[in-house]
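Notes to accompany the following structure.
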Amino acid sequence: MTTTEVPAREWHAATVAETCAAFGVDPARGLTAAEAADRLREHGPNALAEEKPEPKWRAFARQYADLMQLVLVGAAVVSVVALRDLGTGLVILALTVVNALMGLHQEGKAAESVAALRTMLVMTARVLRDGQVLQVPAEQLVPGDLVRFEAGDKVPADGRLVVAASLEIEEAGLTGESTPVPKSVDPVTGDAVPLGDRVDMAYMNAQVTRGRGEMVVTATGMATEVGRISGMLSAVETDETPLTRQLNRLTVIITLMAAVALVLVIVLGLARGEDFDTLFLVGISLAVAAIPTGLPAVVTMLLSLGTRELAGAGAIVKRLRSVETLGATSAICSDKTGTLTLNQMTARRLVLAGRRYGVDGEGYATTGRILATGGGPEVRLEPFLLPMALASDATVRDGDLVGDPTEGALVVLAAKGGLDVEETRRAYPRVAEVPFDAAYKLMATFHDVETPVPAVRCYVKGAPDVLLARATHYRDADGSTRPIGDLRERVEAENDALAGEGMRVLALAQKDVGQADLAGELLDLVDGLELLALVGIVDPPRKEARDAIAACKDAGIRVRMITGDHVTTAAAIAGQLGIEGRALTGAEFAAMPDERLEAEVDEIGVVARVAPQDKVRLVDVLKRRGQVVAMTGDGVNDAPALTRADIGVAMGITGTEVTKDAAEMILTDDNFATIVTAVERGRGLYDNLMRYIRFQMVVLVGFILTFVGAGIFTVAAGVPLSPLQILWINFAIDVVLAIGLGFDAPASDLMRRRPRAADAPVLGRALGARLAVDGVLVAVAVLLVVAWAEPRYGLLVATTMGLTAMSLVHVVVAAEWRDRFRSVLRAETVANARFVTLVLVVLGLTVLVTSIPLLQRLFGTTNLTPQQWGVCLLAVLGYLVVAEVLRWGARLAAHGGGAEAAAGAVGAAPAGARGR
């Protein structure tokens, strides 16, 4: 058996004979079946290693990595151990389980959606074994196999080309190069040759657009370039989302507040000579009350609702908190080909001698017009269009291309000019051809035509400089043939102008030859040409991408283009899209020291011919500058940067499986504009979440001060509410109100705000002070009710009235803090029908808990008389009046203080604006 222990080397620098000898393969017969089987056992299947699925138990345990979940578990343990209240402890633990299950459910739904995007087709390959061409699953290929492919096929592994007949391969997914690469069998020598320049190699998952080829497989599976990039993903670290960091800080603040309250109750009680054990139990009850047990469930619920909305808009989010990260995004680094552009080459300019035309329409749709850009008589375009249809092999039907994208652009242009391409090809059959070759940069086809003297017409397309050098005449717009003479300089100037706009330029020419001439060397006939036209071709930007980038600019989000394409082309497309900043090559970017890069990154708008590690470096630099970075892409070369970014966004249709696995979000419509929709939804979600957190902090302060005040003034023996009553308020009352807050309509200025800072606190000092004052008002209202009722009706009625007053005050707090400044006494308060409905639900629950015997026994309540209800409502009215007076003062301060008042919350509207 021939050994396959081949030393690692750069196969692009080896000759065909050296490569075949190194792999022990006969190029005429291929491997034997026995050799292939042995090598398959040795190297394994030709497939990328799949990440092991996370065990269910580990996924469940991961939900408890959230700091608030851990605090709740601690509260449950304290309830059981210190308070010996098993019921409360079990309820709190059950709530953490429900929250974990909600998170798992959403992740499972996202995983199902991702799986549905995966292709169900099994790639096959034509391989030469034992002298016969066989069709085998691509997974069975081994190093040393001889594989054949042609236009329309995907390359099934990495390999060294041994045959390249007019072969062109599109490698955009790997290199970012938007145009197909002409291939050759000649070795490519040099140091550190980029992948895109290794023209004697073919790489896994690349698309063959033209010609045919044969290669010796040099790498399979994870040893391929695609596999190597896939393997890089495990080395890329991921960070916590901004929301996770902010909620963790908030949890620490809340925990410290509970601890301070506990110490305060004990110290004040000891100062009055009370028993330590009793004080400790009261303090622990207060600490458990201070923990917002509903916070994780509400956050999970709101994020889950956000993911459902995004899925309906064309974006699948894998992890819940990635939804909010979108709202914080301040920088988007986007791949060009297929993301910002259509990845469909389109002719935009047609230049004849003395006439210039623009071309509208997009992609491979034949709907569009050829528009003259100046005056003058009408020109008969058919003679200029014939080479586009006849000197091309591509076919376009109903917008679908088979063949080379550049040829597709020419075929579509001919159709826009009125030619029936298929009928034209039948009318002028091809009798001979000179296939395209990178050595002479042209393609020529020979056709029988009807002329006064029987002749064969040669149609040529190729590089402008090559055809110009071979031309002696040109065809004028009026149809006459003239010596080329001084026109050469004009042709060169037009070529430079089109190239400067980022276009790929092709020249078209023709020549009549005799039938007998075809017996000789055909390439020698391609001389003395009549130059016809220049065509400017570009991969056009998506219209919706242009609009989306403009929306990003309004929202304070910086968009950068990161591409493997040439810098001139990339800069031109960036200009059309409205992307600001200078363009760098990948080599220039890589050569910049970190200090200089950090200083100049704001001036950079485009990085071209970029390597995967440079994309990761750019993301790291932006994150060090405090940016929240989204990275979009569809190719394998985008995957490491997608993993490193705060939010990786993959294309669902054109994206590779490696990229989809690396991303946090997948666009099912491959539409860059969907990102802007997702950002807007993320910002709206954050606004609603902040509404809930403002509400939660007010009631939290109210809970703490109610217990502290009860301990100081000996109201209800220091325990105005039982732990189960607190849980009732947290879940039956506050969670329902939170759902109403979570459905609030987005603010009108949502996409005109600057992105909030990634390290900004959830609550600013000014806003925190206002929330604390409102919390004091809540505590005063509840304590007055309990203190008034206890000597008159006893402890049971007093705590029931306290529970009722607390529930009703929470309704008013939720309504008040939907907006930071505006009065609750306005029509908009009742405009949200869902919020009003949920308020009615809360009022109903408040009545039920005091009137249904089962709930009375469970939560320690009793029936209330109308007078007692009236006292509770009076306390609520008192809170409302004082809160409105304070809000009026805050509005005055906002108009007078501007930015200081407006900065009271993260994500606030600009100074002077009224943000929700």
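Numbering (the numbering used here), first residue to last: 25 to 940.
Think of the CB as a built atom: it goes at the ideal place given N, C-alpha and C, for glycine as much as any other residue.
Note that the C-beta distance between residue 467 and residue 429 is not below 8 Å. When C-alpha distances from residue 451 are compared across 216, 470 and 852, the shortest belongs to 470. For residue 705, the uninterrupted alpha helix (DSSP H) segment begins and ends at 696 to 736. The Cβ atoms of residue 189 and residue 401 lie no closer than 8 Å to each other. Counted as a single uninterrupted DSSP element, the alpha helix (DSSP H) harbouring residue 80 occupies residues 80 to 86. Between the stretch 707 to 727 and the stretch 351 to 365, the count of C-beta pairs closer than 8 Å reaches three or more; the two stretches touch. When DSSP reads this structure, residue 424 sits in a beta bridge with 421. Look at the beta carbons and you see the stretch 769 to 780 touching the stretch 572 to 580: at least three pairs across the two are nearer than 8 Å. One thing to note: residue 359 has its Cβ no nearer than 8 Å to the Cβ of residue 692.
Per DSSP, reduced to three states, the secondary structure at residue 670 is coil, with no helix or strand assignment. For residue 395, the uninterrupted beta strand (DSSP E) run begins and ends at 394 to 396, by DSSP.
Apart from the 5 residues on each side of it in sequence, residue 363 sits with its Cβ closer than 7 Å to the Cβ of 656, 657, 658, 675 and 696 in its chain, given in chain order. No Cβ-Cβ contact shorter than 8 Å links residue 151 with residue 128. A residue is called buried once 16 or more other Cβ atoms fall within 10 Å of its Cβ, and residue 889, having fewer, is exposed. Annotation note: the stretch 490 to 530 contains the following uninterrupted alpha helix (DSSP H) runs of length 4 or greater, listed N- to C-terminal: 511 to 524.
Cβ-Cβ separation between residue 178 and residue 147: approximately 6 Å, consistent with a contact (criterion under 8 Å). A distance below 7 Å between beta-carbons, with the five flanking residues on each side excluded, links residue 416 to the following residues of its chain, in chain order: 431, 434 and 435. By the Cβ neighbour-count rule, residue 679 is buried, with 16 or more other Cβ atoms within 10 Å of its own. For residue 903, the three-state secondary structure derived from DSSP is helix. Residue 176 and residue 241 do not touch by the CB rule: their CB atoms are close to 20 Å apart, not below 8 Å.
Bridge partners of residue 554 according to DSSP: 497 and 534. When C-alpha distances from residue 530 are compared across 560, 549, 823 and 850, the shortest belongs to 560. Counting every other CB atom within 10 Å of its CB across the protein chains shown gives residue 745 a total of 16 or more, marking it as buried.
Residue pairing by DSSP puts residue 358 in a beta bridge opposite 585 and 656. Between the alpha carbons of residue 115 and residue 323 lies a distance of about 19 Å. Annotation: the continuous alpha helix (DSSP H) that includes residue 548 extends over 546 to 549. By the criterion of a C-beta distance shorter than 6 Å, residue 439 is surrounded in its chain by 390 and 445, once the five residues flanking it on both sides are discounted.
Straight across, the Cα-Cα distance linking residue 58 with residue 40 is about 23 Å.
For residue 611, the closest alpha carbon among the candidates 669, 758 and 637 is that of 637. Contact check for residue 557 against residue 374 passes: the beta carbons are separated by less than 8 Å. Restricted to the stretch 748 to 826, the alpha helix (DSSP H) segments that are unbroken, complete and at least 4 residues in length are 760 to 766 and 789 to 817, listed in chain order. Residue 762 and residue 666 have their alpha carbons spaced roughly 33 Å apart. Going by C-alpha positions, residue 65 is about 44 Å away from residue 465. Assignment of residue 610 by DSSP, reduced to helix, strand and coil, places it in the helix class. Under the three-state reduction of DSSP, residue 402 is assigned to coil, being neither helix nor strand. In terms of Cβ geometry, residue 870 and residue 832 form a close pair [threshold 8 Å].
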